[in-house]
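In what follows, a structure is listed as structure tokens, so that the remarks can point back to it.
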Amino acid sequence: MAGTLPYPPSGKENSDLLAHQLQIFHMGGCKGVDPTFLLQLVSCIKSVKSLCLRDTQLDDHALSGFPGSSLDLLDVSNTMISQSHLVCVIRKNPGLKILKARGCKNIVQADGNCERKLVPPSLHCGEMYFGLGNSCKLKELSLGWGFSSSALVALKPAITALSSLTVGLGGSLGEDALRLLPTICPMLESLTLYFQVLSDGIMSDIRTSLRHLKVLELCYCLGDISILSFKFLMPQLRKLRLQRVAAWMTHDDLLVLAQNCPNLTELCLVGCKRLSSDAQKIISHEWPGLIYLHLEDCGEVTGHGVSSLFDCVALEVFFLRHNGPGIQKSFILDAVSELPMLRQLSLDTCDAREGSFDIPKCEERHSISAIKISRCKLQIRSLDIQFVKPRRRPVHWDTLLLLRNCRDLTRTVVKERL
Numbered sequence: 047m048a049g050t051l052p053y054p055p056s057g058k059e060n061s062d063l064l065a066h067q068l069q070i071f072h073m074g075g076c077k078g079v080d081p082t083f084l085l086q087l088v089s090c091i092k093s094v095k096s097l098c099l100r101d102t103q104l105d106d107h108a109l110s111g112f113p114g115s116s117l118d119l120l121d122v123s124n125t126m127i128s129q130s131h132l133v134c135v136i137r138k139n140p141g142l143k144i145l146k147a148r149g150c151k152n153i154v155q156a157d158g159n160c161e162r163k164l165v166p167p168s169l170h171c172g173e174m175y176f177g178l179g180n181s182c183k184l185k186e187l188s189l190g191w192g193f194s195s196s197a198l199v200a201l202k203p204a205i206t207a208l209s210s211l212t213v214g215l216g217g218s219l220g221e222d223a224l225r226l227l228p229t230i231c232p233m234l235e236s237l238t239l240y241f242q243v244l245s246d247g248i249m250s251d252i253r254t255s256l257r258h259l260k261v262l263e264l265c266y267c268l269g270d271i272s273i274l275s276f277k278f279l280m281p282q283l284r285k286l287r288l289q290r291v292a293a294w295m296t297h298d299d300l301l302v303l304a305q306n307c308p309n310l311t312e313l314c315l316v317g318c319k320r321l322s323s324d325a326q327k328i329i330s331h332e333w334p335g336l337i338y339l340h341l342e343d344c345g346e347v348t349g350h351g352v353s354s355l356f357d358c359v360a361l362e363v364f365f366l367r368h369n370g371p372g373i374q375k376s377f378i379l380d381a382v383s384e385l386p387m388l389r390q391l392s393l394d395t396c397d398a399r400e401g402s403f404d405i406p407k408c409e410e411r412h413s414i415s416a417i418k419i420s421r422c423k424l425q426i427r428s429l430d431i432q433f434v435k436p437r438r439r440p441v442h443w444d445t446l447l448l449l450r451n452c453r454d455l456t457r458t459v460v461k462e463r464l
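Note that my numbering numbers the sequence shown so that position 133 is 179, with each residue one more than the last.
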């Protein structure tokens with residue numbers, strides 16, 4: 047939460063004044079705040095321009111109390127709002143530039159309890175997108191449930207200057223709509239697709255037509271894409287994320303990727319099971335300027351330890367998980383020593399050669415502020431087939447979180463996978 051006041055607030059009168067002058071109100075992830083209290087909060091922030099309530103218990107009743115009409119940014123991702131109440135807010139805020147509503151399952155459900163009665167209870171998702179298209183000029187858009195090919199066409203007037211698009215779970219654009227993307231949104235700089243059906247032809251259209259694309263993220267997508275999807279030079283691309291979409295990737299494919307995306311600063315590869323430790327040399331040689339590297343379930347990349355990746359001396363965020371049990375016990379100490387810009391490091395004890403890692407002492411001076419070490423337990427896969435030995439697979443158990451400030455090193459164990 048942020049705002050400006052000519053003097054420090056004291057008492058209810060000044061608290062009300064502060065609330066009315068707030069321009070930024072962000073409380074994403076505060077899941078313990080109940081909808082009634084959320085209603086009290088949002089009902090008195092009339093002048094706010096940036097409102098983030100993602101991953102909270104926000105529902106229609108709480109959102110209906112929002113009186114603002116000057117929003118630039120609205121983030122209600124992973125909340126319980128319905129499409130009718132979302133439209134109520136959108137119609138009152140024609141200056142909206144950034145809308146994030148991915149993970150809102152209720153958007154696809156009709157709602158007859160819109161307290162303000164600004165839209166009919168029979169409103170369909172298509173009407174919601176037509177309303178958006180007619181009232182806003184968006185720069186960033188993140189949607190999932192209910193987002194379809196017809197919705198994309200309905201939104202066309204609002205997204206001609208769109209720079210960032212995320213399509214999440216529950217959204218389905220289809221081949222025709224994906225091929226139309228470069229025409230409808232020619233200025234796209236960032237494209238993130240979850241659970242969409244892709245092909246080399248679709249990827250070819252996206253690559254060759256979106257000349258300004260700097261960020262490309264493909265996550266859990268279906269269809270049939272191959273290295274042909276990346277056999278075109280993309281010198282402008284800075285961030286590439288391939289999550290469970292490139293199980294076919296070999297070292298030769300990785301080289302082709304490097305040759306056509308030479309200027310990456312952020313790389314995420316998940317599920318590339320055909321890679322071995324040789325991939326380390328390719329990554330460090332072809333992308334020495336990486337500041338972010340995430341490798342997960344990538345064959346045996348760390349099966350013989352980690353050495354070449356230390357040549358990426360600009361790394362700030364380094365994530366290694368389930369890439370082979372060969373990482374040396376001193377890896378964290380080595381990383382802190384070899385990577386002067388490193389701020390965050392994430393590992394898994396499954397990859398530890400000796401089952402654990404040495405932890406740096408608090409008094410040692412280094413830039414790292416967060417170390418996350420995940421731990422797994424083996425779970426037996428249930429099989430009803432006689433004479434077949436059940437297989438064990440690692441399943442996340444907990445995470446050791448080490449946070450360091452200028453004075454202390456705190457240790458916390460959480461159940462979440464961070």
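C-beta atoms are modelled at their ideal positions from N, C-alpha and C, and glycine is treated no differently. Just so it is clear, the structure is predicted and the values come from calculations on it, not from any experiment.
Asked                                                                                            : Found
Assigned exposure category for S413 - 16 Cβ within 10 Å defines buried                           : exposed
Unbroken alpha helix (DSSP H) run spanning K319, endpoints                                       : Element bounds for K319: n/a, residue is neither H nor E.
Contact under 8 Å by Cβ, P406 with I378                                                          : yes
Contact check, C422 vs P440, beta carbons under 8 Å                                              : yes
C-alpha gap between K285 and I252, whole angstroms                                               : 15 Å
Coarse secondary structure for C134, derived from DSSP in three states                           : helix
Cutoff 6 Å; reference A485; Cβ partners in own chain excluding five residues on either side      : The structure shown has nothing for residue 485, since the chain only spans 47 to 464.
Host beta strand (DSSP E) of K285 (start-end)                                                    : K285 to Q289
Beta-bridge pairing of G349 - partner residues as DSSP gives them                                : G351
Buried or exposed by the 16-neighbour rule on C-beta atoms within 10 Å, applied to S392          : buried
Cα-Cα separation between V363 and L315, rounded to whole angstroms                               : 14 Å
F365 vs L339 beta-carbon contact at 8 Å                                                          : yes
Cβ-based neighbour list, L164, same chain, cut-off 7 Å, excluding 5 preceding and 5 following    : Confidence at L164 is low in this model, with a pLDDT of 38, below 50, so the placement of that residue is unreliable and no value is reported for it.
Status (buried if at least 16 other CB within 10 Å, exposed otherwise) for E462                  : exposed
Sequence-distant residues of its chain with Cβ nearer than 6 Å to L341 (five each side left out) : L315, V347, L366 and N369
Inter-residue Cα distance where the pair is M465 and R320                                        : Within the shown structure, residues of the chain are numbered from 47 to 464, placing residue 465 beyond reach of any answer.
Enclosing alpha helix (DSSP H) for L274 [first to last residue]                                  : Counting along the chain, L274 falls outside any alpha helix (DSSP H), and DSSP gives it neither H nor E.
For R463, three-class secondary structure by DSSP                                                : coil
Simplified DSSP state of A381, which is helix, strand or coil                                    : helix
C-alpha distance - S96 paired with Q69, whole-angstrom precision                                 : 6 Å
Proximal residues to L361 (C-beta, below 7 Å), its chain only, five neighbours per side dropped  : L336, I337, L339, L385, M387 and L388
Per-residue burial, G269 [other beta carbons within 10 Å of its own, 16 or more giving buried]   : exposed
Whole-angstrom distance between H258 and C344, CA atom to CA atom                                : 30 Å
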